[in-house]
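Below: the structure, in C-alpha cells.
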Amino acid sequence: PTAKDAEIFCINIINQTNIYAAAYKPNIAFFESFGYEGIQALIHTISCIPDDIPIILDNKRGDIDTTAQAYAHSSYDVLLADAVTLSPYMGWDSIKPFVTNKYNNKAAFILCKTSNQSSIDVQDQRLFNGEKVYEHVAKLCSSWNKSFTNSNIGIVVGATDTNALQTIRKLVPDIWILCPGVGAQGGDAESVCLSGLRSDNSGLIISVSRSISSASNMATAAETLRNEINKYRINNQS
874 PTAKDAEIFC INIINQTNIY AAAYKPNIAF FESFGYEGIQ ALIHTISCIP DDIPIILDNK
934 RGDIDTTAQA YAHSSYDVLL ADAVTLSPYM GWDSIKPFVT NKYNNKAAFI LCKTSNQSSI
994 DVQDQRLFNG EKVYEHVAKL CSSWNKSFTN SNIGIVVGAT DTNALQTIRK LVPDIWILCP
1054 GVGAQGGDAE SVCLSGLRSD NSGLIISVSR SISSASNMAT AAETLRNEIN KYRINNQS
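The numbering used here runs 873 ahead of the 1-based position in the sequence shown.
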C-alpha cells in the first residue's frame, strides 16, 4: 500500500460514518510509516473531517517539556488536532505544554490502563501504598485537572478489562475516559458502558476501528454501534 491508498481508505471511512461519529482518532504511526507522503496524507485526511467533529490524534507522546512543546505545536498547529494521547511516564512537565497556556482549549488523554496484554508488566504493579500503577495514574490526572487545567485531561482505559475500568471510574468519577478495544480486540460495548459511564451517562468515548473499517457497510456498522451505545446509556439511567 501507499500513502495515497491510506488517505483514500480513511477518507472513505469519514464520508460513510461522519453523521454517526462523536470523534475521529487517526493513529499517526500508520501515516508516518510512509514518510513525507504519509504526513501529507494525514493532513489531507484530517482536513476532510467535518469541523464540528473533534480530532483525537493518537500519537502517544511523552518527553521533556521543551520537546513536548514542539510535539504540541506539531499536533495542534500543523496537524490541526483537537486532542492527543500522551504517556504519563515523565510526569506533569511532559503533559503541561499540551493542555495549558495557548493550548488550554485542547485536550490530552493520558495512557492509564491500556488494552494490550503486556500492560500488566507496568500498569498492574503495586506501589508502596498498595495502589496499582494505573490507579495512581488515574488519580494523578484528576489532581492535575483540579490544580492546573480547565479539566481538559482525560485518560485512556482499554475496553478489555472492565473490572479495571469500573475501579477507575469509581476512583475518578468526573474524568473523561477514552476507551479503545471494543469489537475486534474483544471489548463489549454493554459492559464498557455499564463500567465506564459517569453518573450523567456521559464522560466515555468508545473508540472502534477495525469492526467498522472492515464492515461491508461501514455506515450501517457505525449507526448500529451508535444506537447500541445510546441504548445502554438510556438503560443506565434506570
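For each residue, glycine too, the CB sits at the ideal point set by N, CA and C.
Handout entry: Within-8 Å CB hit, residue 1067 to chain D
Key = Judged by its chain identifiers, the structure shown contains no chain D, having just a single protein chain.
Problem - Cβ neighbour criterion (16 or more within 10 Å) applied to residue 1043 - result: By the 10 Å Cβ count, residue 1043 comes out exposed.
Handout entry: Straight-line gap, residue 876 to residue 1010 (C-alpha atoms, nearest Å)
Key = Distance between the alpha carbons of residue 876 and residue 1010 is about 36 Å.
Exercise for the section: State yes or no: is the C-beta of residue 949 within less than 8 Å of the C-beta of residue 934? Expected result: Taking 8 Å as the Cβ cut-off, residue 949 and residue 934 do not qualify as a contacting pair.
Problem - C-alpha gap between residue 961 and residue 1021, whole angstroms - result: Residue 961 and residue 1021 have their alpha carbons spaced roughly 15 Å apart.
Exercise for the section: Give the single residue among 890, 1033 and 880 whose Cα lies nearest to the Cα of residue 900. Expected result: Nearest C-alpha to residue 900: 880.
Problem - Spatial distance of residue 1005 from residue 992 (CA atoms) - result: In this structure, the CA atom of residue 1005 is about 12 Å from the CA atom of residue 992.
Practice task
State the DSSP-derived secondary structure class of residue 976, mapped to helix, strand or coil.
Solution key: Correct three-state label for residue 976: helix.
Exercise for the section: Taking all protein chains shown into account, decide if residue 990 is buried (16 or more other Cβ within 10 angstroms of its Cβ) or exposed. Expected result: With fewer than 16 neighbouring CB atoms inside 10 Å of its own CB, residue 990 falls in the exposed class.
Problem - Counterpart residues of residue 900 in DSSP-defined beta bridges - result: Paired residue(s): 931.
Practice task
Please check the pair residue 923 and residue 896, which I expect to be a contact at CB under 8 Å, by giving their CB distance rounded to whole angstroms.
Solution key: Incorrect: roughly 11 Å between the Cβ atoms, too far for contact.
Problem - Straight-line Cα distance separating residue 1084 from residue 889 - result: Using only the alpha carbons, I get a separation of about 14 Å.
Problem - Extent of the continuous alpha helix (DSSP H) to which residue 1069 belongs - result: Residues 1062–1069.
Exercise for the section: Taking 8 Å as the threshold, find out whether the region 1084–1095 comes into contact with the region 1059–1075 through three or more Cβ pairs. Expected result: Contact between the region 1084–1095 and the region 1059–1075 is absent: fewer than three C-beta pairs spanning the two stretches fall below 8 Å.
Problem - Spatial distance of residue 1034 from residue 1015 (CA atoms) - result: Within the model, the alpha-carbon separation for residue 1034 versus residue 1015 is close to 21 Å.
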